[in-house]
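The structure appears below as structure tokens.
Residue numbers (the working numbering): 161 to 279.
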């Protein structure tokens with residue numbers, strides 16, 4: 161596979177989406193005890209920014225084109241948010257699987273991130 165062709169990311173996208181769902185649920189849950197508006201803002205940021213900003217070639221429809229490292233950073237923000245919020249909001253029995261899910265997502269995302277970094 162040449163560096164210009166997009167790697168197959170069907171399996172990584174399943175893990176990425178699962179981790180994003182955790183971030184979308186756990187982050188506002190963890191923040192809501194301090195501030196409901198901040199919890200709403202966290203959902204807007206975690207869902208809105210990756211929807212609005214993307215690297216050409218990574219999605220079918222690009223609203224605002226950004227370099228590959230920005231897309232990688234947005235995914236990392238969601239992964240970190242999922243893990244930190246899970247540990248803050250839920251018992252360890254729930255937080256440990258989230259941490260493992262995020263770690264597996266990072267490993268599976270590496271080929272796509274290498275490709276995105278070259279864009």
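Backbone N, C-alpha and C define an ideal beta-carbon position, used for all residues, glycine too.
Alpha carbon of residue i to alpha carbon of residue j, nearest angstrom
i, j, result
"residue 184", "residue 165", "31 Å"
"residue 254", "residue 181", "14 Å"
"residue 186", "residue 239", "11 Å"
"residue 209", "residue 278", "21 Å"
"residue 133", "residue 245", "Lying before the first or after the last residue shown, residue 133 is absent from the chain, which here runs from 161 to 279."
"residue 263", "residue 274", "17 Å"
"residue 200", "residue 236", "20 Å"
Residue burial classification, residue i (beta-carbon count within 10 angstroms, cutoff 16)
i, result
"residue 161", "In this prediction, residue 161 scores a pLDDT of 45, lower than 50, which makes its location untrustworthy; the coordinate-derived value is nonetheless stated afterwards. So residue 161 counts as exposed."
"residue 191", "buried"
"residue 265", "buried"
"residue 174", "exposed"
"residue 256", "exposed"
"residue 212", "exposed"
"residue 170", "exposed"
"residue 198", "exposed"
Cβ-Cβ distance between residue i and residue j below 7 Å
i, j, result
"residue 270", "residue 215", "no"
"residue 248", "residue 258", "no"
"residue 227", "residue 203", "no"
"residue 268", "residue 167", "no"
Identity of the residues DSSP links to residue i by a beta bridge
i, result
"residue 225", "214"
7 Å Cβ cutoff, residue i in contact with chain B
i, result
"residue 213", "This model lacks chain B altogether, as it is built from one protein chain only."
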